[in-house]
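Peer 1:
2 protein chains.
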Amino acid sequence: MKITAVIMAGGKGERFWPKSRESHPKQFLSLTDDGKTMIQKTVSRISPLVQTEDIFIVTNACYRHLVIEQLPDIPPENVLSEPCGRNTAPCIAFAAAVIKKKYGNAVMLVLPSDHLIKYENIYTQILCNAVVMATQGNNLVTIGITPSYPETGYGYINFGEQCGNAYKVERFVEKPDLKTAEKYLSSGKYLWNSGMFVWQVSAIEERFRKFMPEVYRGAEKIGQAFGTADFEKILETEYNKFPSESIDFGIMEKAENIYTIPASFGWDDVGNWLAVERINKTDDNKNYTEGDVITENCKHTTVCGGKRLVAAVGVEDIIIVDTDDALLVCSKNSTQDVKKIIARLKEKNRTELI
Amino acid sequence: MKITAVIMAGGKGERFWPKSRESHPKQFLSLTDDGKTMIQKTVSRISPLVQTEDIFIVTNACYRHLVIEQLPDIPPENVLSEPCGRNTAPCIAFAAAVIKKKYGNAVMLVLPSDHLIKYENIYTQILCNAVVMATQGNNLVTIGITPSYPETGYGYINFGEQCGNAYKVERFVEKPDLKTAEKYLSSGKYLWNSGMFVWQVSAIEERFRKFMPEVYRGAEKIGQAFGTADFEKILETEYNKFPSESIDFGIMEKAENIYTIPASFGWDDVGNWLAVERINKTDDNKNYTEGDVITENCKHTTVCGGKRLVAAVGVEDIIIVDTDDALLVCSKNSTQDVKKIIARLKEKNRTELI
Numbered sequence: 001m002k003i004t005a006v007i008m009a010g011g012k013g014e015r016f017w018p019k020s021r022e023s024h025p026k027q028f029l030s031l032t033d034d035g036k037t038m039i040q041k042t043v044s045r046i047s048p049l050v051q052t053e054d055i056f057i058v059t060n061a062c063y064r065h066l067v068i069e070q071l072p073d074i075p076p077e078n079v080l081s082e083p084c085g086r087n088t089a090p091c092i093a094f095a096a097a098v099i100k101k102k103y104g105n106a107v108m109l110v111l112p113s114d115h116l117i118k119y120e121n122i123y124t125q126i127l128c129n130a131v132v133m134a135t136q137g138n139n140l141v142t143i144g145i146t147p148s149y150p151e152t153g154y155g156y157i158n159f160g161e162q163c164g165n166a167y168k169v170e171r172f173v174e175k176p177d178l179k180t181a182e183k184y185l186s187s188g189k190y191l192w193n194s195g196m197f198v199w200q201v202s203a204i205e206e207r208f209r210k211f212m213p214e215v216y217r218g219a220e221k222i223g224q225a226f227g228t229a230d231f232e233k234i235l236e237t238e239y240n241k242f243p244s245e246s247i248d249f250g251i252m253e254k255a256e257n258i259y260t261i262p263a264s265f266g267w268d269d270v271g272n273w274l275a276v277e278r279i280n281k282t283d284d285n286k287n288y289t290e291g292d293v294i295t296e297n298c299k300h301t302t303v304c305g306g307k308r309l310v311a312a313v314g315v316e317d318i319i320i321v322d323t324d325d326a327l328l329v330c331s332k333n334s335t336q337d338v339k340k341i342i343a344r345l346k347e348k349n350r351t352e353l354i
Numbered sequence: 355m356k357i358t359a360v361i362m363a364g365g366k367g368e369r370f371w372p373k374s375r376e377s378h379p380k381q382f383l384s385l386t387d388d389g390k391t392m393i394q395k396t397v398s399r400i401s402p403l404v405q406t407e408d409i410f411i412v413t414n415a416c417y418r419h420l421v422i423e424q425l426p427d428i429p430p431e432n433v434l435s436e437p438c439g440r441n442t443a444p445c446i447a448f449a450a451a452v453i454k455k456k457y458g459n460a461v462m463l464v465l466p467s468d469h470l471i472k473y474e475n476i477y478t479q480i481l482c483n484a485v486v487m488a489t490q491g492n493n494l495v496t497i498g499i500t501p502s503y504p505e506t507g508y509g510y511i512n513f514g515e516q517c518g519n520a521y522k523v524e525r526f527v528e529k530p531d532l533k534t535a536e537k538y539l540s541s542g543k544y545l546w547n548s549g550m551f552v553w554q555v556s557a558i559e560e561r562f563r564k565f566m567p568e569v570y571r572g573a574e575k576i577g578q579a580f581g582t583a584d585f586e587k588i589l590e591t592e593y594n595k596f597p598s599e600s601i602d603f604g605i606m607e608k609a610e611n612i613y614t615i616p617a618s619f620g621w622d623d624v625g626n627w628l629a630v631e632r633i634n635k636t637d638d639n640k641n642y643t644e645g646d647v648i649t650e651n652c653k654h655t656t657v658c659g660g661k662r663l664v665a666a667v668g669v670e671d672i673i674i675v676d677t678d679d680a681l682l683v684c685s686k687n688s689t690q691d692v693k694k695i696i697a698r699l700k701e702k703n704r705t706e707l708i
């Protein structure tokens with residue numbers, strides 16, 4: 001069966017402000033020293049499994065030019081432009097309908113565009129196992145990350161009995177508090193929900209029909225119009241009617257035959273500025289710097305310099321990000337609050353900085 | 355007797371990098387919200403005591419244009435340009451010789467150009483008392499600041515018996531350690547050495563002749579040449595021969611008839627970036643910000659913004675200074691280490707940033 005990939009690239013990356021902007025979000029940035037952007041790395045990482053012409057990128061219409069610029073080998077018709085953001089469920093239904101139109105049925109690898117994977121061979125092995133599982137009936141397979149510490153910022157997957165290389169999913173749980181996360185970790189029965197899914201188009205379509213029938217019908221119309229002159233118009237009309245819903249809440253938490261494959265391939269969701277020191281090499285004082293930077297007696301400090309000299313003196317556990325028009329100085333305890341800066345800029349209508 | 359003022363404005367202000375640069379140091383910057391530069395405030399503060407034409411500014415030749423630009427009312431011939439920096443003793447000898455040439459004898463108020471005074475009326479009252487003391491014989495009068503806490507970054511003046519409004523100086527002491535500073539404070543017999551002096555030209559000349567005879571002779575030649583065609587040449591020749599020496603070490607610590615007047619007029623030496631929050635109004639979280647700044651959950655943080663937005667998130671006890679070509683992020687414990695950044699820039703020959 002044809003193996004396709006659907007890369008979801010509609011995020012705004014607000015937690016990476018000021019480098020990430022609404023017009024140029026995180027998935028289009030390079031946050032590692034190899035100079036490749038997050039989405040470029042995502043595409044290159046799945047190339048052992050999926051042919052380039054079978055890779056689909058779903059993104060907001062306003063990022064279409066960035067996708068085409070950064071991924072010139074992807075056929076432009078595979079870049080699926082959402083007229084508006086409606087979270088992951090409509091995004092996946094849209095892609096599934098297009099793939100159905102093109103191939104009838106196929107396996108879909110559904111992947112975020114802005115995560116990092118350290119051990120790419122293990123990654124493709126795991127995905128290959130997931131493909132096997134997905135082709136055995138109408139299973140929905142999700143990749144679960146073996147947790148290494150009690151993270152409170154992720155959702156968890158509780159799994160039960162083994163079934164081949166996969167495990168039956170008992171339930172999906174929301175972000176826990178620390179105590180609960182510690183319990184999850186020690187139980188050995190919980191995985192981090194990575195947002196990576198594998199299934200057949202027919203399997204996910206069946207679930208949309210059952211749990212999100214209005215999205216199913218809309219996506220059907222979009223799929224049928226794909227490749228015709230009416231496509232843009234129908235896409236716009238139908239997409240605007242979609243509810244904004246995640247695939248987890250809309251389908252995964254309700255459906256049967258959900259399986260998970262536990263994975264340890266050095267996954268990082270690159271969720272906020274703290275990730276930069278994790279995914280890059282730090283110096284003896286655990287500082288990470290890029291650009292024209294001088295550190296004097298600093299520890300555990302991340303400096304992403306811009307066009308100017310940045311001098312950091314005697315600071316610890318601080319993140320400094322310099323850009324042409326905005327500078328962020330953030331405590332490592334407060335990386336989630338970067339979003340609040342964007343909210344305040346919005347209040348002030350300072351859209352040029354968002 | 356004529357009252358003159360000699361404002362010493364040759365400092366480099368390294369501890370205020372990156373706002374202060376070798377080409378535009380601290381005394382020529384505005385660090386308060388009234389928009390006046392430090393040297394402008396110094397001149398305006400002594401105007402109740404000294405006529406404008408009797409104010410002399412001694413500065414490095416390379417800052418002459420800044421003095422003339424910022425102080426257009428000072429006669430250009432009163433701007434005394436040092437060919438090279440030789441610390442305060444030669445600077446004062448130079449000014450004394452010029453004033454002697456012009457007025458024979460006069461009272462000299464010798465003042466730093468980069469300090470702040472909160473209570474200016476008390477300041478002029480104290481200086482007036484010092485002038486009275488200085489005109490009674492060959493007394494050298496120094497203004498001592500009543501210490502408010504055991505500062506270890508200043509020199510101290512130990513005083514003895516009272517004599518009119520002044521006290522006899524027993525000795526000058528170098529920067530103490532904390533324990534010694536605490537003893538000084540509780541003894542009630544120590545003042546901070548402010549670097550402000552009052553004396554007659556004849557009195558300081560007599561001491562130069564005795565304790566720094568080579569400086570005396572060189573200054574004599576410079577004074578005699580003042581106003582003649584040879585002045586520049588003689589100034590250059592003689593100045594280069596001067597040793598680099600402070601007035602404290604060269605004269606004050608050795609001479610007799612030294613008096614001090616204790617003063618409490620809200621003096622601040624504006625010694626490093628910590629001063630900015632002291633001399634300006636802070637918000638409820640003790641943050642001081644200027645420019646386009648957003649703070650989110652910050653405390654005790656100073657942000658001197660430049661042309662761009664600065665967003666500070668969750669930081670505490672941090673100083674952020676943004677300029678066009680360099681940015682400083684400094685812990686409040688490390689303000690003295692800003693000099694080390696300049697040293698490292700010098701090593702790298704990055705003079706454009708110094």
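Which chain is which? The protein sequence lines are A and B, in order.
Position 108 of the first sequence, counted from 1, bears residue number 108 in the working numbering, the numbering being contiguous throughout.
Every position in the second sequence, counted from 1, becomes a number in the working numbering once 354 is added.
Positions of the beta carbon are idealized from the N, C-alpha and C atoms, including for glycine.
Show which residues of chain B have a CB atom less than 8 Å away from the CB atom of Ile-318 of chain A.
Peer 2: The answer, in chain order, is Val-669, Ile-672 and Val-683.
Peer 1: Anything in chain A within Cβ reach of Asp-676 of chain B, meaning under 8 Å, just list it in chain order.
Peer 2: What Asp-676 of chain B touches in chain A: Leu-327.
Peer 1: Assuming Ala-5 of chain A contacts Val-50 of chain A under a Cβ cut-off of 8 Å, what Cβ separation, rounded to an integer in Å, is found between them?
Peer 2: Right, their Cβ atoms sit about 4 Å apart.
Peer 1: From what residue to what residue does the alpha helix (DSSP H) around Leu-328 of chain A run?
Peer 2: Counting along the chain, Leu-328 of chain A falls outside any alpha helix (DSSP H), though it belongs to the beta strand (DSSP E) covering 326 to 331.
Peer 1: Answer with buried or exposed for Asp-468 of chain B, where buried requires no fewer than 16 other C-beta atoms within 10 angstroms of its C-beta.
Peer 2: By the 10 Å Cβ count, Asp-468 of chain B comes out buried.
Peer 1: Is Thr-88 of chain A near the ligand GDP, with its Cβ less than 7 Å from a heavy atom?
Peer 2: Questions concerning the ligand GDP fall outside what the structure shown contains, since it holds no ligand whatsoever.
Peer 1: Flag Leu-356 of chain A as yes if its beta-carbon sits less than 8 Å from any beta-carbon of chain B, otherwise no.
Peer 2: Residue 356 of chain A falls outside the range modelled here, since chain A spans only 1 to 354, and no answer is possible.
Peer 1: In the DSSP assignment, what residue or residues form a beta bridge with Asp-263 of chain A?
Peer 2: A quick correction: the sequence has Ala, not Asp, at residue 263 of chain A. Beta-bridge pairing links Ala-263 of chain A to A:Ile-145.
Peer 1: Which one of B:Thr-636, B:Lys-702, B:Met-550 and B:Phe-370 has the shortest CA to CA distance from Ile-471 of chain B?
Peer 2: Nearest C-alpha to Ile-471 of chain B: B:Met-550.
Peer 1: Can the beta-carbon of Asp-317 of chain A be found less than 8 Å from the beta-carbon of Arg-308 of chain A?
Peer 2: No, they are not a contact pair.
Peer 1: For Asn-519 of chain B versus Ile-615 of chain B, is the C-beta distance shorter than 8 Å?
Peer 2: Yes, they are a contact pair.
Peer 1: Let me know if Asn-594 of chain B comes out buried or exposed under the rule of 16 or more other beta-carbons within 10 Å of its beta-carbon.
Peer 2: With fewer than 16 Cβ atoms within 10 Å of its Cβ, Asn-594 of chain B is classed as exposed.
Peer 1: For Arg-399 of chain B, tell me which candidate among B:Glu-474, B:Gly-572, B:Gly-659 and B:Cys-482 has the shortest Cα-Cα distance.
Peer 2: Of the listed residues, the one whose Cα sits closest to Arg-399 of chain B is B:Glu-474.
Peer 1: If you drop the 5 nearest sequence neighbours on each side, which residues of the same chain put their C-beta closer than 7 Å to that of Phe-172 of chain A?
Peer 2: Cβ within range, chain order: Gly-155, Ile-157, Asn-193, Asp-248, Met-252 and Glu-253.
Peer 1: Alpha carbon to alpha carbon, what distance is there between Thr-295 of chain A and Pro-112 of chain A?
Peer 2: Between Pro-112 of chain A and Thr-295 of chain A, the C-alpha separation is close to 35 Å.
Peer 1: On the DSSP bridge list, what partners appear for Phe-513 of chain B?
Peer 2: BP columns for Phe-513 of chain B point to B:Val-523.
Peer 1: Counting pairs of Cβ atoms below 8 Å between the region 390 to 397 of chain B and the region 373 to 381 of chain B, do you hit three or more?
Peer 2: The answer is yes - the region 373 to 381 of chain B touches the region 390 to 397 of chain B, with three or more Cβ pairs under 8 Å.
Peer 1: Let me see if you follow: with CB-CB separation under 8 Å, is Ser-556 of chain B close to chain A or not?
Peer 2: No, Ser-556 of chain B lies away from the interface with chain A (no Cβ there is under 8 Å from its Cβ).
Peer 1: Could you spell out where the beta strand (DSSP E) holding Thr-358 of chain B opens and where it closes?
Peer 2: 357 to 362 is the extent of the beta strand (DSSP E) around Thr-358 of chain B.
Peer 1: Which chain B residues are close to Lys-340 of chain A, counting only those with a beta carbon under 7 Å from its beta carbon?
Peer 2: What Lys-340 of chain A touches in chain B: Glu-650.
Peer 1: With burial defined as no fewer than 16 other Cβ atoms inside 10 Å of the residue's Cβ, what is the status of Asp-13 of chain A: buried or exposed?
Peer 2: The sequence given here places Gly at residue 13 of chain A; Asp does not occur at that position. That one is buried.
Peer 1: Tell me whether the beta-carbon of Gln-224 of chain A lies closer than 8 Å to the beta-carbon of Lys-101 of chain A.
Peer 2: Closer than 8 Å, so yes.
Peer 1: Can you name the residues that DSSP bridges to Asn-547 of chain B?
Peer 2: Partner(s): B:Gly-498.
Peer 1: Here's the rule: buried if 16 or more other CB atoms are within 10 angstroms of the residue's CB, otherwise exposed. What is Arg-632 of chain B?
Peer 2: Label assigned to Arg-632 of chain B: exposed.
Peer 1: Rank B:Ile-674, B:Ser-435 and B:Asp-646 by C-alpha distance to the C-alpha of Thr-655 of chain B and give the top, closest one.
Peer 2: Comparing Cα-Cα distances from Thr-655 of chain B to each of B:Ile-674, B:Ser-435 and B:Asp-646, the minimum goes to B:Ile-674.
Peer 1: Starting from the C-beta of Phe-242 of chain A, find all residues in its chain whose C-beta is less than 7 Å away, skip the five residues before and the five after it, and write them out in chain order.
Peer 2: Here the set comprises Arg-86, Pro-90, Val-215 and Gly-218.
Peer 1: List the residues of chain B that Asn-240 of chain A touches, going by C-beta distances under 8 Å, in chain order.
Peer 2: Chain B residues near Asn-240 of chain A: none, gap ~34 Å exceeds 8 Å.
Peer 1: With distance defined between alpha-carbon atoms, name the residue in A:Leu-274, A:Leu-327 and A:Val-132 nearest to Met-1 of chain A.
Peer 2: Of the listed residues, the one whose Cα sits closest to Met-1 of chain A is A:Val-132.
Peer 1: What does Leu-353 of chain A reach in chain B if we use C-beta pairs closer than 7 Å?
Peer 2: Under the 7 Å cutoff, chain B gives Leu-663.
Peer 1: Give me the Cα-Cα distance between Val-567 of chain B and Val-412 of chain B, rounded to the nearest whole angstrom.
Peer 2: The sequence as given places Pro at residue 567 of chain B; Val does not occur at that position. Taking the straight line joining both Cα atoms gives about 21 Å.
Peer 1: Less than 6 Å between C-beta atoms, sequence neighbours within five positions excluded: which residues of the same chain meet that for Phe-565 of chain B?
Peer 2: Once the five neighbours on either side are set aside, the close Cβ partners of Phe-565 of chain B are Ile-605 and Lys-608.
Peer 1: Going by Cα to Cα distance, which pick from B:Val-683, B:Ser-688 and B:Asp-678 is closest to Arg-375 of chain B?
Peer 2: Of B:Val-683, B:Ser-688 and B:Asp-678, the residue nearest in Cα terms is B:Asp-678.
Peer 1: Please name the residue, chosen from A:Pro-83, A:Asn-138 and A:Val-67, that lies closest to Arg-207 of chain A on a Cα-to-Cα basis.
Peer 2: Checked all of A:Pro-83, A:Asn-138 and A:Val-67; the closest Cα to Arg-207 of chain A is A:Asn-138.
Peer 1: If the cut is a Cβ gap below 9 Å, which residues of chain A does Asn-687 of chain B touch?
Peer 2: Under the 9 Å cutoff, chain A gives Gly-314.
Peer 1: Considering only C-alpha positions, which residue in the set A:Trp-267, A:Tyr-167 and A:Val-270 is nearest to Ile-258 of chain A?
Peer 2: Of the candidates A:Trp-267, A:Tyr-167 and A:Val-270, the one whose C-alpha sits nearest the C-alpha of Ile-258 of chain A is A:Tyr-167.
Peer 1: Is Tyr-288 of chain A buried or exposed, if buried means 16 or more other CB atoms sit within 10 Å of its CB?
Peer 2: It counts as buried.
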